[in-house]
Amino acid sequence: MNLVFLGPPGAGKGTQAARISQTYDIPHISTGAMLREAIANQTPLGIQAKATIERGELVSDEIVIGIVKERLAQADCAKGYLLDGFPRTVPQAEALDQFSHVEAAVNVDVPAQVIIDRIAGRRMCQVCGEALHVDLLKGSDTCPKCGGKMVQRDDDKPETVRNRLDVYEKQTKPLIDYYRRQNALLDVNGNQPIDEVQADIRRALEEAMK
Ligand code: AP5
0 MNLVFLGPPG AGKGTQAARI SQTYDIPHIS TGAMLREAIA NQTPLGIQAK
50 ATIERGELVS DEIVIGIVKE RLAQADCAKG YLLDGFPRTV PQAEALDQFS
100 HVEAAVNVDV PAQVIIDRIA GRRMCQVCGE ALHVDLLKGS DTCPKCGGKM
150 VQRDDDKPET VRNRLDVYEK QTKPLIDYYR RQNALLDVNG NQPIDEVQAD
200 IRRALEEAMK
């Protein structure tokens with residue numbers, strides 16, 4: 000199953016992608032996570048991408064297309080994949096169509112004010128990348144999954160979040176129509192509890208794959 004997950008920053012793409020990729024036993028490929036890992040390891044890519052990400056802007060199409068093309072060529076993607084955060088522009092989607100066939104694009108839809116609250120409260124594990132809201136951490140800064148330290152992402156500061164939402168509206172939202180035209184779009188209400196969003200995504204995928 001070849002899937003892409005669309006949706007604004009903080010919509011819950013990563014949360015759902017982690018679960019759905021397990022359900023269908025396909026690799027969860029997050030370009031944001033790959034870029035954050037490159038930044039943490041201070042690779043040439045990370046050094047180049049750091050300032051762009053911290054401004055809330057997009058890394059160049061050329062770079063992310065290259066990363067994804069290389070990743071999808073790996074053996075574990077032969078049975079399918081779940082792309083989280085890619086494509087993010089029409090040129091990225093067009094490039095993806097050149098080297099793979101997307102079977103479904105899941106659009107996780109959440110109103111802007113809910114997103115702002117979610118992102119303001121998000122903490123992410125420095126070790127395993129688990130994302131949790133401060134309310135669930137109940138004052139702790141320790142990851143319940145691996146014991147790593149939970150911190151705020153550099154691009155989750157309010158001024159950067161505003162820019163990320165603008166960038167989403169201008170550059171990523173057009174992908175909703177792009178995949179609707181391909182008959183591949185599955186709209187899901189992301190403004191409900193995590194388990195219910197997951198159940199809706201599974202239902203939509205099962206219906207689409209019949
Ligand atoms: P990326 O990491 O992809 O960030 P994003 O798309 O902005 O998405 P987020 O990770 O912020 O949110 P999410 O939708 O995954 O939500 P989450 O599950 O964490 O990209 C970061 C940056 O990298 C970009 O800005 C760009 O610079 C660069 N980049 C990446 N890909 C690129 C590309 N293709 N091209 C160019 N540049 C690229 O959930 C958010 C919070 O809400 C969490 O705390 C979670 O616990 C909570 N939550 C989730 N679901 C629910 C729910 N149903 N109810 C209540 N709380 C919930």
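Going by numbering that gives the first Met the number 0, the first residue of the sequence shown is number 0, and it counts up by one from there. Note that beta-carbon positions come from the ideal geometry of N, C-alpha and C, so glycine has one too. Note that this is a predicted model, so its numbers are computed, not measured.
- According to the DSSP assignment, residue 28 belongs to the beta strand (DSSP E) that extends over 27-29.
- Going by beta carbons, residue 31 and residue 109 fall outside the 8 Å limit.
- Secondary-structure assignment with DSSP links residue 1 through a beta bridge to 80.
- Of the candidates 61, 60, 38, 38 places its Cα closest to the Cα of residue 50.
- DSSP places residue 155 within a helical segment (H, G or I) once states are collapsed to three.
- Distance check between residue 122 and each of 66, 139, 111, 103 places 139 closest, using alpha-carbon atoms only.
- Given a length threshold of 4 residues, each whole run of the alpha helix (DSSP H) inside the region 174-207 is given here in chain order: 193-207.
- Closest by C-alpha distance to residue 36, out of 66, 21, 24, 8, is 66.
- Under DSSP, residue 142 forms no beta bridge with any residue.
- Secondary structure at residue 44: helix, using DSSP grouped into helix, strand and coil.
- The alpha carbon of residue 151 has as its nearest neighbour, out of 117, 168, 174, the alpha carbon of 117.
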